[in-house]
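Everything below concerns the one structure shown next.
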Amino acid sequence: MRRTRIPTSRRSKLADTHSAVLEHSPDLQHHFDDMHQQFDSATLGMWVFLLTEIMFFGGMFAAYTIYRGLYPGAFASTSKHMATWLGATNTAVLICSSLTMALAVRSAQLGQRKLLIWMLILTMIFGLAFLGVKAVEYHDKYVEHLIPGWDFQYEEDPQYWHQAQILFFLYFAMTGFHALHMIVGVGILTTLLVMAMRNRFSPAWYTPVEISGLYWHFVDIVWIFLFPLLYLIGLHAHK
Amino acid sequence: MTHEVIPVRVYVAIWAILVFFTFTTAAVAFIDMGPFNIVVALTIAVIKMLLVIIWFMHVKQADNLTRLFVVAGFFWMAILIFVTLSDYHTREWLPLPHMW
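Respectively, the protein sequence lines represent chains A and B. Numbering that gives the first Met the number 0 puts the first residue of the first sequence at 0, with every later residue one more than the last. Numbering that gives the first Met the number 0 puts the first residue of the second sequence at 0, with every later residue one more than the last.
Pasting the structure below:
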């Protein structure tokens, strides 16, 4: 394609008024005014996606709220079957992963490539540790016959046999979708890691790291609510 | 260029507070406070969420448009819970019609 040449006489004038357009960063896409606007648009877009995620998880949180209101006794009785300390450990693991993710974004901002790579690897390790603990928990639930609708046994509180299954259904749906988001997150981190190793990020352009960080922290926030709602319901009554 | 760089010690401080609240919420759950157990648990969860959103998710440095969107998300969530519960909680307030 032939480029339109700007006459020398006009060039200086244009450079004064449109210097940002003529001498823009190679990372700036042509439909944005400047890098700042490009960055803000990306983060805003990510937040819009996260709002749809709030709606997605919100439906399940609303269902939880309704059924807990309807069957408080049954929900409290499930606490003695929940691995509270595994849940608490996983909460701490996820918070650590959020810290390393935040530090990964920070090293990308500063152009510290090696640190960025290490922080991404650490975040992945924490994420995988979380999923490993989750797998142990699910296996325990299977062994204890606590999978709703499939050989469900609730001998200690037989009167709650029906209602407790609703809580376990919500438990598997909510933690399952959360775990799915974690798996997707580990995939995103792998992509970021490859990009970082190929030296694709710079202090001028690290948008994928920033918006992936938003996603990772959002998944952390979902767990921050799942932990007290699923694991700590009736502990004070059972010890 | 884009965001101001937050010092490492701020991130670590936020992390320490989050870990502290995690163990607080787990420990407090063993104390019987009647209906206030859930209130305390959710209050701690909301504080933790705000710390993550404001510092880790950089809403502190975000422009007002982004902030408006974030608030809109919680506004929507409030409508979802409030309106749904206002149905379930008020069903017995009015007498049910008898068989005709």
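Where is the CB? At the ideal position from N, CA and C, for every residue including glycine.
At a C-beta separation below 8 Å, A:I65 has these neighbours in chain B: T83, L84 and Y87. In this structure, A:G184 lies away from A:Y205, with their beta-carbon atoms at least 8 Å apart. Contact between A:P227 and B:T24 holds, with the beta-carbon distance rounding to 6 Å and staying under 8 Å.
Using a CB distance cut-off of 8 Å, A:D32 does not count as an interface residue toward chain B. For the region 45 to 58 of chain B, the beta-carbon criterion of a distance under 8 Å to any beta-carbon of chain A is satisfied by K47, M48, V51, I52, W54, F55, M56 and H57.
Shown here, B:W92 sits in coil according to DSSP, grouped into three states, outside any helix or strand. With three or more CB-CB distances shorter than 8 Å, the region 161 to 178 of chain A counts as touching the region 139 to 153 of chain A. With contacts defined by Cβ atoms closer than 8 Å, A:S106 and A:H216 do not form a contacting pair. Exclusion of the five residues before and after B:Y10 leaves no residue of its chain whose Cβ lies closer than 6 Å to its Cβ. Contact annotation for A:H235 against chain B: A28, F29, I30, D31, M32 and N36 [CB-CB distance below 8 Å, chain order].
Proximity of A:D39 to chain B, defined by a Cβ-Cβ separation below 8 Å, is satisfied. Rounded to whole angstroms, the gap between the alpha carbons of A:K79 and A:Y153 is 11 Å. Judged by DSSP secondary structure, A:G131 falls within the alpha helix (DSSP H) whose first and last residues are R112 to V142. Looking from the CA of A:A203, the closest CA among A:I146, A:F38, A:L166 and A:Y70 belongs to A:F38. Neighbours of B:V7 across chain A, judged by C-beta separation under 8 Å: L102 and R105. B:I52 is the residue among B:H88, B:I52 and B:G72 whose C-alpha sits nearest the C-alpha of B:L17.
With contact defined as three or more Cβ pairs closer than 8 Å, the region 176 to 190 of chain A and the region 119 to 137 of chain A are in contact. Closest in alpha carbon position to A:L85, among A:Y63, A:L50 and A:A134, is A:A134.
Shown here, A:S24 sits in coil according to DSSP, grouped into three states, outside any helix or strand. Within the same chain, and ignoring the five residues on either side of A:S76 in sequence, the residues whose Cβ sits closer than 7 Å to its Cβ are D156, Y159, A163 and G233.
For A:I220, a Cβ of chain B is located within less than 8 Å of the residue's own Cβ. By the Cβ-count criterion, A:D219 is buried, with 16 or more other Cβ atoms from all chains shown falling within 10 Å of its own Cβ. Using a Cβ distance threshold of 8 Å, A:F48 and A:V221 do not count as a contacting pair. Residue-level contact by beta carbon holds for A:V47 and chain B, with a gap shorter than 8 Å. Contact note: A:H216 reaches chain B through V51, I52, F55 and M56, using a C-beta cutoff of 8 Å and chain order.
Counting along the chain, the unbroken alpha helix (DSSP H) around B:K47 starts and ends at F35 to L50. Within a 10 Å sphere around the beta-carbon of A:S211 sit 16 or more other beta-carbons, which makes this residue buried. Listed along the chain, the chain A residues whose CB falls inside 8 Å of the CB of B:T21 are A87, T90, A91, I94 and F226. If you look at A:D219, you'll find it in the alpha helix (DSSP H) that goes T206 to L225. Here the alpha carbon of A:Y66 sits roughly 8 Å from the alpha carbon of A:L166. Excluding its 5 nearest sequence neighbours in each direction, A:M81 has C-beta neighbours in its own chain below 6 Å: Y230, listed in chain order. Look at the region 61 to 81 of chain B: the residues with a C-beta under 9 Å from a C-beta of chain A are A61, D62, L64, T65, F68, V69, A71, G72, F73, W75, M76, L79 and I80. Check the Cα spacing between B:D62 and each of A:L43, A:I53, A:A73 and A:T64: the tightest is with A:L43.
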